[in-house]
Amino acid sequence: MTTKLDQVLYTAHTHTTGGRDGQAKSDDGHLNITLSSPGTSGTGTNPEQLFAAGYSACFIGALKAVAGMKKVALPADTSIDASVDLGKIPNGYGIAVRLDITLPGMDRAAAQDLVDAAHQVCPYSNATRGNIEVTLTLK
1 MTTKLDQVLY TAHTHTTGGR DGQAKSDDGH LNITLSSPGT SGTGTNPEQL FAAGYSACFI
61 GALKAVAGMK KVALPADTSI DASVDLGKIP NGYGIAVRLD ITLPGMDRAA AQDLVDAAHQ
121 VCPYSNATRG NIEVTLTLK
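Per our numbering, the sequence shown starts with residue 1, numbered consecutively.
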């Protein structure tokens, strides 16, 4: 089932050439990167690294949002170590995601409640839910 947006809040625009061994640039000039295939000697980043950075940044944003709604203080040094696996699936290739979430000094039950709530509102979580394996681990 496709979920349609009720309202567009922002649209990102990029122009990519060369695929995994190319270039990607945003229309506002903030992103201008060289791409390299994973496991090669190329000097650029790869799509899996970009996905890991995007998902983890977005998930921290979701943590901030739900902490605000719940009137809970989110630790300033909240962090996520994200891993994105690239592998074979029956009809091609797929990815799996692991987010190791650190909320220093928070009560474990309260921290888990925030993680669970953030997973429900995070755009990346909503986009991947039911499509790929996503593992959330509270450290």
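We put the CB at the ideal spot given by N, CA and C, even for glycine.
Cβ neighbour criterion (16 or more within 10 Å) applied to residue i
| i | result |
| --- | --- |
| residue 119 | buried |
| residue 66 | buried |
| residue 115 | buried |
| residue 46 | buried |
| residue 187 | Look at the range of the chain in this structure, 1 to 139, and you will see that residue 187 is not part of it. |
| residue 52 | buried |
| residue 111 | buried |
Extent of the continuous beta strand (DSSP E) to which residue i belongs
| i | result |
| --- | --- |
| residue 46 | No beta strand (DSSP E) holds residue 46; DSSP gives it neither H nor E. |
| residue 15 | 14-17 |
| residue 138 | 134-138 |
Beta-carbon gap between residue i and residue j smaller than 7 Å
| i | j | result |
| --- | --- | --- |
| residue 84 | residue 48 | yes |
| residue 139 | residue 107 | no |
| residue 37 | residue 21 | yes |
| residue 75 | residue 50 | no |
Cβ-based neighbour list, residue i, same chain, cut-off 7 Å, excluding 5 preceding and 5 following
| i | result |
| --- | --- |
| residue 56 | 80, 82 and 99 |
| residue 34 | 23, 43 and 44 |
| residue 91 | none |
Cut-off 6 Å between Cβ atoms - residues of its own chain near residue i, not counting five sequence neighbours on either side
| i | result |
| --- | --- |
| residue 122 | 58, 59 and 62 |
| residue 25 | 15 and 32 |
| residue 133 | 96 |
| residue 137 | 100 |
Bridge partner(s) assigned by DSSP for residue i
| i | result |
| --- | --- |
| residue 80 | 101 |
| residue 54 | Looking at the DSSP assignment, residue 54 forms no beta bridge with any residue, so it has no partner. |
| residue 32 | 25 |
| residue 95 | 86 |
Limits of the unbroken alpha helix (DSSP H) element including residue i
| i | result |
| --- | --- |
| residue 114 | 108-121 |
Spatial neighbours of residue i in its chain, beta-carbon cut-off 8 Å, leaving aside the 5 residues before and after
| i | result |
| --- | --- |
| residue 87 | 93, 94, 95 and 96 |
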